[in-house]
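This report concerns only the one structure given below.
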Amino acid sequence: MTGPLEKLSTSKVFEGELIKYKFKSAVLGGLDAQFNIFVPLLKNGAKAPLLVYLAGLTCTEDNGAQKGGFFGTAASQGIAILFPDTSPRGAGVPGEDDAWDFGTGAGFYLNATKPEYSKHYNMYSHVTTELPEVLKEANLPIDLSRQSIFGHSMGGHGALVLYLSSQSKQYRSASAFSPIANPSKCPWGEKAFNGYLQGGVDEGAKAYDATELISKAKDPLHILVDYASGISSPGTGDNFYKQGQLLPENFLKAARTSGYNEVQVRVRSHEDYDHSYYFISTFAGDHIHFHANFLKA
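Start counting the sequence shown at 152; every next residue gets the next number (the working numbering).
Now the structure itself:
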């Protein structure tokens with residue numbers, strides 16, 4: 152059973168409010184979980200649609216809120232933004248703190264099936280099921296019937312996967328900044344799938360790989376992906392893209408092969424930007440406006 156919600160802090164921003172909460176998460180095995188929620192200034196009893204932001208490796212619920220540059224546009228569009236954490240904290244699983252790209256801060260937005268991780272590492276259910284229930288109980292002015300999702304890097308992977316795998320069509324649209332777009336074909340994804348899942352990469356490819364999921368998709372889609380690609384100046388570009396961790400071209404090829412055009416699945420490359428929140432904040436407004444098209448429809 153999920154524990155009571157505790158308000159930790161509140162900050163005024165763009166006439167709205169950013170609130171940090173903590174609660175005991177049943178889905179994460181009874182561990183404390185924290186999240187931030189931005190609630191825009193609303194009038195006449197209105198409720199805001201919800202945009203969920205999933206952060207990347209090593210991040211917490213704070214990185215997107217502090218560095219993303221989302222609030223001005225979100226406030227102008229009357230959209231609330233939820234910032235979950237990236238993993239359970241304090242599970243005590245042997246080895247979970249040995250590497251920066253696995254374990255704590257690296258939950259990969261899946262439900263673990265290996266016994267040592269399956270009690271706590273269930274970020275898929277935490278984001279899709281538990282947090283909406285918690286928000287409903289908090290009695291915030293949010294319309295949970297209108298949700299979309301976006302994220303960065305590992306969180307971009309999560310956003311695309313949660314959107315594409317939602318049987319209930321929970322999210323109206325998805326977008327991603329520099330996502331790990333084909334994790335069953337890159338070192339980060341292989342490490343996560345082999346570490347968390349009993350079926351390893353094969354299980355991960357079927358359930359948690361956006362490129363594999365979109366290759367089998369049939370429904371109408373609303374997806375935007377931005378990534379930093381080629382280099383026109385020395386020392387610039389996204390090092391993780393260059394290392395083959397992201398593979399957005401594989402996702403784009405699978406989308407086009409499945410018959411999705413640029414209106415349904417738009418993938419844009421940008422020279423010289425890196426993998427940081429400087430890149431995210433540059434295109435933050437584009438992503439909020441993209442989701443507004445569907446959240447406010």
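All residues carry an ideal CB built from backbone N, CA and C; glycine is no exception.
**Asked** What does Gln394 pair with, by DSSP beta-bridge criteria?
**Response** Position 243 of the sequence shown, counting from 1, holds the residue named residue 394. Answer by DSSP bridge pairing: none, since Gln394 is not bridged.
**Asked** What are the partner residues of Tyr268, as DSSP defines its beta bridges?
**Response** The residue you call residue 268 lines up with position 117 of the sequence shown. In the DSSP output, where bridge partners are listed per residue, Tyr268 has none listed.
**Asked** Helix or strand or just coil, what does DSSP make of Lys367?
**Response** Counting from 1 along the sequence shown, the entry for residue 367 is found at position 216. If DSSP states are grouped into helix, strand and coil, Lys367 belongs with coil.
**Message:** Measuring straight from C-alpha to C-alpha, what distance separates Ala356 and Glu363?
**Reply:** Counted from its first residue, the sequence shown places residue 356 at position 205. Counted from its first residue, the sequence shown places residue 363 at position 212. C-alpha separation (whole angstroms): 6 Å.
**Prompt:** Which of helix, strand or coil does DSSP assign to His440?
**Reply:** For the purposes of this step, residue 440 is taken as residue 289 along the sequence shown, with counting starting at 1. In this structure, His440 counts as helix in the three-state DSSP scheme.
**Message:** Please give me, in chain order, every unbroken run of the beta strand (DSSP E) with length at least 3 that falls completely inside the segment 179-263.
**Reply:** 182-190, 199-205 and 231-235
**Asked** Lys320 by DSSP, collapsed to three states: which one?
**Response** Position 169 of the sequence shown, counted from the first residue, corresponds to residue 320. Reduced to three states, the DSSP call for Lys320 is coil.
**Item:** Rounded straight-line distance, which links the Cα of Asn290 to that of Leu348
**Value:** The residue you call residue 348 lines up with position 197 of the sequence shown. The residue you call residue 290 lines up with position 139 of the sequence shown. Cα to Cα, the separation comes out at about 36 Å.
**Message:** Assess contact between the segment 208-226 and the segment 268-278, defined as three or more Cβ pairs (one per stretch) separated by less than 8 Å. Is contact present?
**Reply:** no
**Message:** For Asp248 and Thr237, what's the separation of their Cα atoms in angstroms?
**Reply:** Against the sequence shown, residue 248 aligns to sequence position 97. Against the sequence shown, residue 237 aligns to sequence position 86. When rounded, the distance between both Cα atoms is 14 Å.
**Message:** Let me check one thing: in DSSP terms, what residues is Arg419 bridge-paired to?
**Reply:** Walking along the sequence shown from the start, residue 419 turns up at place 268. For Arg419, which the question treats as bridged, DSSP gives the partners Asp377.
**Item:** DSSP three-state assignment for Ile293, whether helix, strand or coil
**Value:** What you label residue 293 is simply residue 142 of the sequence shown in a count that begins at 1. Strand, per DSSP.
**Asked** What number of angstroms, rounded off, separates the C-alpha of Asp183 from the C-alpha of Thr280?
**Response** The residue labelled residue 183 in the question sits at position 32 within the sequence shown. The residue labelled residue 280 in the question sits at position 129 within the sequence shown. Approximately 16 Å between the Cα atoms of the pair.
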